[in-house]
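Engineer:
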Amino acid sequence: MNNFQRKPIITYGLITINLLVFIGMTLSGGSENVANLIRWGAKYNPLIIQGEWWRLVTPMFIHIGLEHLALNMLTLYFLGIQLEQLFGKWRYLVLYLVSGIGGNIFSFALSNNVSAGASTALFGLFGAYLMLGESFRHNQYIRMISRQFLVLVVLNFAFDLFTGGIDMWGHAGGLFAGFLASYLVGVPKLGNIPKLKRILSALALVIVYGLLLKTGFNN
13 MNNFQRKPII TYGLITINLL VFIGMTLSGG SENVANLIRW GAKYNPLIIQ
63 GEWWRLVTPM FIHIGLEHLA LNMLTLYFLG IQLEQLFGKW RYLVLYLVSG
113 IGGNIFSFAL SNNVSAGAST ALFGLFGAYL MLGESFRHNQ YIRMISRQFL
163 VLVVLNFAFD LFTGGIDMWG HAGGLFAGFL ASYLVGVPKL GNIPKLKRIL
213 SALALVIVYG LLLKTGFNN
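If you're matching positions, the sequence shown starts at 13 in this note's numbering and goes up one per residue.
(1) Specify whether the region 76 to 83 and the region 102 to 110 touch according to this definition: at least 3 beta carbon pairs, one from each stretch, less than 8 Å apart.
(2) Between A54 and W65, what straight-line distance do the alpha-carbon atoms span, to the nearest angstrom?
(3) Ignore the nearest five residues each way along the sequence and tell me which others in M9's own chain have a CB closer than 6 Å to its CB.
(4) Compute the Euclidean distance between the alpha carbons of L39 and V163, then round it to the nearest angstrom.
(5) Kindly give me the distance between the Cβ atoms of L202 and F161, rounded to whole angstroms, as I take these residues to be in contact under 8 Å.
(6) Jot down the residue ranges of each uninterrupted alpha helix (DSSP H) in the region 84 to 168, minimum 4 residues, whole runs only, in chain order.
(7) Taking the beta carbon of W181 as the centre, do at least 16 other beta carbons fall within 10 Å, making it buried, or is it exposed?
(8) Quick one: Cα of S158 to Cα of G145, how far?
(9) Buried or exposed for A189, going by 16 or more other Cβ atoms inside 10 Å?
(10) How big is the Cα-Cα spacing for L224 and F118?
(11) Expressed to the nearest angstrom, what Euclidean distance is found between the alpha-carbon atoms of G42 and N48?
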């Protein structure tokens, strides 16, 4: 395997896209301007209901202020370089996108606030670590790191409860989607995921997020 193949190019690519979008937003009216956020594709329920379904995807590439961007990109870097090696480039990319979309669907169904940020997808990466701990607990390193991420998830949700302006539903939806999607894509480098778990995960993703979409459009 050559050095190019070993590099976490998907993680680098995702970070690059987020940086370019942030620069564009800053130059076109600011990343904290609500009208500009909506113009660039933030999650905004009335427009999603009118048919702009792509707003369930684009918010994961939009950030509100430099601090928001920096925190999420540092998290993406440190999580991504490990998970991209474990899952492989394309499985990791699918996991990231499904998590981000899943988080935005949760937020669409359960919150009317304008929201944006990569944290929906990042919580999906947390969910992937939890899946690894459940499926490969015989691996001492995986078991140890998954427990650390479980503590981190609990602390993050506790922080969300007492902090205004954070889309907790988006975080919860991303975590759940990432946990299920990890079973679905599998981790061949570590071992096989039982077929029943993969089937049940696929069904849960379709049913739960389908019902949430219906809820969002009914609202």
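The C-beta atom is built at its ideal place from N, Cα and C for all residues, glycine as well.
Structural biologist: With the given structure in hand:
(1) These segments do not touch.
(2) Here the question's residue 54 lines up with position 42 in the sequence shown. Here the question's residue 65 lines up with position 53 in the sequence shown. Each residue's CA atom was taken as its position, placing A54 and W65 some 11 Å apart.
(3) Since the displayed the chain opens at 13 and closes at 231, residue 9 lies outside it and no answer follows.
(4) As a working note, residue 39 is residue 27 in the sequence shown. As a working note, residue 163 is residue 151 in the sequence shown. When rounded, the distance between both Cα atoms is 39 Å.
(5) Within the sequence shown, the letter at position 190 stands for residue 202. Within the sequence shown, the letter at position 149 stands for residue 161. Not a contact, Cβ separation roughly 16 Å.
(6) Given a length threshold of 4 residues, each whole run of the alpha helix (DSSP H) inside the region 84 to 168 is given here in chain order: 101 to 122 and 131 to 147.
(7) To locate residue 181, count along the sequence shown from 1; it is residue 169. That one is buried.
(8) Within the sequence shown, numbered from 1, the residue matching residue 158 stands at position 146. Within the sequence shown, numbered from 1, the residue matching residue 145 stands at position 133. It is roughly 5 Å from the alpha-carbon of S158 to the alpha-carbon of G145.
(9) For the purposes of this step, residue 189 is taken as residue 177 along the sequence shown, with counting starting at 1. Per the 10 Å Cβ criterion, buried.
(10) Position 212 of the sequence shown, counted from the first residue, corresponds to residue 224. Position 106 of the sequence shown, counted from the first residue, corresponds to residue 118. Whole-angstrom Cα-Cα distance: 7 Å.
(11) Taking the first residue of the sequence shown as 1, we reach residue 42 at position 30. Taking the first residue of the sequence shown as 1, we reach residue 48 at position 36. One Cα belongs to G42, the other to N48, and the distance between them is close to 7 Å.
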